[in-house]
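Our numbering puts the sequence shown at residues 696 to 867. Right, one structure below, let's go through it.
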Amino acid sequence: WKAGGKFLLSNEERNQSPTAIVHVLERDNQESDAGKGIRALVAYTEREYRFRVTAIQLNFHPNNKSSHKQHRDIYGAGQKGGINCTCSFMKCTGTVCYSLGSSRQVQCETIADQRSRYEACGEDCAGSKTLKWMHSGSAMYFNAPWNNNHTHGVPKLDDACGPRISVALLCA
Numbered sequence: 696w697k698a699g700g701k702f703l704l705s706n707e708e709r710n711q712s713p714t715a716i717v718h719v720l721e722r723d724n725q726e727s728d729a730g731k732g733i734r735a736l737v738a739y740t741e742r743e744y745r746f747r748v749t750a751i752q753l754n755f756h757p758n759n760k761s762s763h764k765q766h767r768d769i770y771g772a773g774q775k776g777g778i779n780c781t782c783s784f785m786k787c788t789g790t791v792c793y794s795l796g797s798s799r800q801v802q803c804e805t806i807a808d809q810r811s812r813y814e815a816c817g818e819d820c821a822g823s824k825t826l827k828w829m830h831s832g833s834a835m836y837f838n839a840p841w842n843n844n845h846t847h848g849v850p851k852l853d854d855a856c857g858p859r860i861s862v863a864l865l866c867a
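Laid out in structure tokens, this is it:
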């Protein structure tokens, strides 16, 4: 499905299991490089971070005009992926996101709401926003407490850039 000019390889209402994503990638070819690549990233993440990867979202950004709106990741049953979401969740402890292809910025924003431990410093408080570059081969990790207190997203770029794939792995 498509949102913000990017393409997502997952269900629109929920994240997909690693097995489901690999089956799609290997549908026409059991030896698909894409399937092997996802299996390798899952194995590496589970070994390196000592987590179990429970879900995957693949985002394909074709150019600088695509974006991913600011959001929190969904880590538990109390958080819905969409109005029709009936998913059962294993409680997640963090997300590891790998970047492949052109460099893009990720915007991280501190948020003050009912889930956050932060309170606004005043009526006009804008919070804190930072931009960080994600280069090909880099990874970003954040845990559940960070996810409760921040949002993240990928803004559009003014300058042209090539395609980028982000592989977000939810971990328990």
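Glycine residues also receive a C-beta, built at the ideal position from the N, C-alpha and C atoms. Please read all numbers here as calculations on a predicted model, not as lab measurements.
Beta bridge counterpart(s) of residue i as assigned by DSSP
i    : result
A735 : According to DSSP, which records beta bridges pairwise, A735 is partnered with nothing at all.
E804 : K824, T846
H766 : H847
K760 : K760 pairs with nothing; no bridge assigned.
F702 : K697, F755
N710 : None, per the DSSP bridge assignment.
S794 : S861
Pick from the options that is closest to residue i, judged by C-alpha positions
i    : options                : result
K697 : Q711, L753, E721, R745 : L753
G822 : E814, F755, W828       : E814
I806 : H847, S831, R799       : H847
Q802 : P713, K827, T714, S712 : K827
S798 : Q809, S833, A735       : S833
S712 : E743, K701, C787       : C787
N838 : G857, L864, S705       : L864
G700 : R745, A738, K764       : K764
Buried or exposed by the 16-neighbour rule on C-beta atoms within 10 Å, applied to residue i
i    : result
T790 : buried
T825 : exposed
A750 : buried
R859 : buried
T714 : exposed
H756 : buried
E707 : exposed
Residue j beta carbon less than 8 Å from that of residue i
i    : j    : result
V849 : C792 : no
L852 : N759 : yes
S831 : L795 : yes
R747 : A855 : no
G730 : E721 : yes
L704 : V717 : no
Residue i: CB within 7 Å of a non-hydrogen atom of the ligand NAP
i    : result
C816 : Because no ligand of any kind appears in the structure shown, any question about the ligand NAP cannot be addressed here.
8 Å Cβ cutoff, residue i in contact with chain D
i    : result
A698 : Among the chains in the structure shown there is no chain D, since it carries only a single protein chain.
The stretch 765–772 in contact with the stretch 842–860 per 3-pair CB rule at 8 Å: These segments touch.
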